[in-house]
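Report on one structure; see the data block that follows.
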């Protein structure tokens, strides 16, 4: 019998596909998403009529043209994204044409696979719950399509099944070995967020206008002061007269210099970082990292990087000392003395300052005095600069952001013969006392410098000279009201939305720490703790088992069986129809009614009834044995007994 799909079912499938298209937007070009939505709209005129050959040909031609366009853009999309695009195209095309229930098998399984792929792109608890809701909605539609109309969803039984499987799921999550993937899925070049490999006038100003989360930090001890929270992420050493770029040596797996921090004199800071998706390797650390988690590795200039681009939320642990950074290799000083053939006024100023300074520290003090005495300004909207950007900033505009002051200071030091480089990262953060974590957003992006003196790289933040409130209290403390409004989205100006967003952020933090952050190292520690407590757990388990056995033995010894053996035998083998027996009706009377609905088994039921009555009322053990044997031989026949609805 052919069963046509109802409008409600088709509408449900359309809703699921539209939601999947929105969730997989990272893997879909905009034009492709628009075509898929148009195809779903094209489904409605076909609802009232049966599919025709010309309509099938029309859809096949459109699908072939779309496939050709996808093949042309394969290099930009990547193999994995291309696979998702093909599956989405097949699902939408299938939905356009199907009319009958048996045609929906393939569509349902493709939907399940696409929903599972959505978890690859998202780790936020809110979106994960939305994907789970879509999955349950798809399962419900699957059940509604193929389940009998007489059977409804048994919510109580479903809840019991979920409760029974919950301990198994928790045991698998906590104890099952976390194996490395057998392959890596090739993906397209995704958009890089955070600090880029090039720093020029205007880079940091654009980045701080984003309020997206960069990372969160949890400290295994007291929180360092805000003036100590300089999160190093990038080191810029190549300068072309206007822009700073990361040197090519950071692209190689360069051996890091020896650890020089002294844990006896320098206080150790142990902390955990939960980094958001950035699609680059650069990570965040304080001072000189001494100990690393397995998920990260040391890089040049005592930075920390991921082993592969961070395409999913990454949790790692570090131990650092907040001291000056040691020298990485012998060529590092020469590399950071190179100057560009530009900014002649800055070069002359550097020579003038160096003539009256007998050390790098003295030169730093003179540069600080220059910034304090001259009318320099700190602004989120500095004027545009030309090719000789340092000259224009120091002598003309005198208005800039942190990257302007860091770049000018590094050039002055290099022109004076002192190795210097620009460091990009984040400064400060928002501490949540109740949840005990530090929230660092893109708006905390910052730039400062490191100069070489006394055998180590010393850090210096010229922004702390121009606008010390930026380091002490945060960016908002030094911006005007108009600049603060520029950084704040319109919806964030409502306190209710701010509160709701913050609570969701806290919930997402717990999700990241307890679920996403449960890695193989934490699982190993859990196994070690279980191993240490195994003897005690074994003794407690044996004692509990003995108590349960004694309790059951006493219970069944003291209480008689609820039903006699013949009754139990009959109820067990007539389980398919016994639920229709009215309360208070004798079993023999029920068998008489049952014979009327199953005339083919009337003789068998008469024989069972006779043996049952002799075994129950006459306590005939021979009849009980015959009843048991007869029930076993005809168990399949009895399971097929009918009862009219």
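Numbering (this note's numbering), first residue to last: 12 to 656.
In this text, a Cβ means the ideal position worked out from N, Cα and C, and glycines have one as well.
Would a C-beta distance cut-off of 8 Å place residue 122 and residue 102 closer than the cut-off? yes
So, helix, strand or coil for residue 219, using DSSP? coil
For residue 309, the first and last residue of its enclosing beta strand (DSSP E): 307-310
Do residue 382 and residue 477 have their beta-carbon atoms positioned less than 8 Å apart in this structure? yes
Bridge partner(s) assigned by DSSP for residue 249: 256
Which one of 577, 285 and 114 has the shortest CA to CA distance from residue 327? 285
Helix, strand or coil at residue 522 according to DSSP, with G and I counted as helix: helix
Look up residue 326 in the DSSP assignment and say whether it is helix, strand or coil. strand
Let me check understanding here. Comparing Cα to Cα, which of 512, 582, 429 and 465 lies closest to residue 222? 512
Hey, residue 16 and residue 109: beta-carbon distance below 8 Å or not? yes
What's the C-alpha gap between residue 61 and residue 43? The predicted model places residue 61 with a pLDDT of 45, which falls under 50 and marks its position as unreliable, so this point remains unresolved.
Who are the Cβ neighbours of residue 534 in its own chain at under 8 Å, not counting the five residues just before and after it? 185, 186, 188 and 189
Are the CB atoms of residue 134 and residue 291 nearer to each other than 8 Å? no
Along the chain, where does the beta strand (DSSP E) containing residue 263 start, and where does it finish? Taken as a continuous stretch (DSSP letters only), residue 263 belongs to no beta strand (DSSP E), as it is neither H nor E.
In the structure shown, what three-state DSSP assignment does residue 409 receive? coil
Is the separation between the beta-carbon of residue 518 and that of residue 423 shorter than 8 Å? no
Does DSSP put residue 281 in a helix, a strand or coil? strand
Looking only at DSSP bridge pairs, what is residue 337 linked to? 467
N-terminal and C-terminal residue of the beta strand (DSSP E) that residue 302 is part of: 299-303
Please classify residue 636 as buried or exposed, where buried requires at least 16 neighbouring CB atoms within 10 angstroms. exposed
Output the distance between the C-alpha atoms of residue 213 and residue 112, rounded to the nearest integer angstrom. 59 Å
Let's test the definition: count the other Cβ atoms within 10 Å of the Cβ of residue 380 and tell me whether it reaches 16, buried, or not, exposed. exposed
Report the option in 211, 619 and 260 whose CA atom is closest to the CA atom of residue 399. 211
In three-state DSSP terms, what is residue 442? strand
Which listed residue (565, 529 and 648) has its alpha carbon closest to that of residue 586: 648
Rounding to the nearest angstrom, what Cα-Cα distance links residue 336 and residue 129 in this structure? 42 Å
Where residue 636 falls: helix, strand or coil (DSSP): helix
Tell me the rounded alpha-carbon separation between residue 479 and residue 488. 9 Å
How long is the line joining the alpha carbons of residue 359 and residue 420, rounded to whole angstroms? 14 Å
Around the Cβ of residue 581, are there at least 16 other Cβ atoms within 10 angstroms (buried) or fewer (exposed)? buried
Do residue 588 and residue 652 have their CB atoms nearer than 8 Å? yes
Spatial neighbours of residue 655 within its chain, please: C-beta separation below 7 Å, excluding the five flanking residues on both sides. 608
If I follow the unbroken alpha helix (DSSP H) through residue 358, where does it start and stop? 355-366
Which of helix, strand or coil does DSSP assign to residue 42? helix
Specify, as a first and last residue, the run of the beta strand (DSSP E) that residue 314 falls within. 314-317
Nearest-angstrom Cα separation, counted from residue 178 out to residue 149: 25 Å
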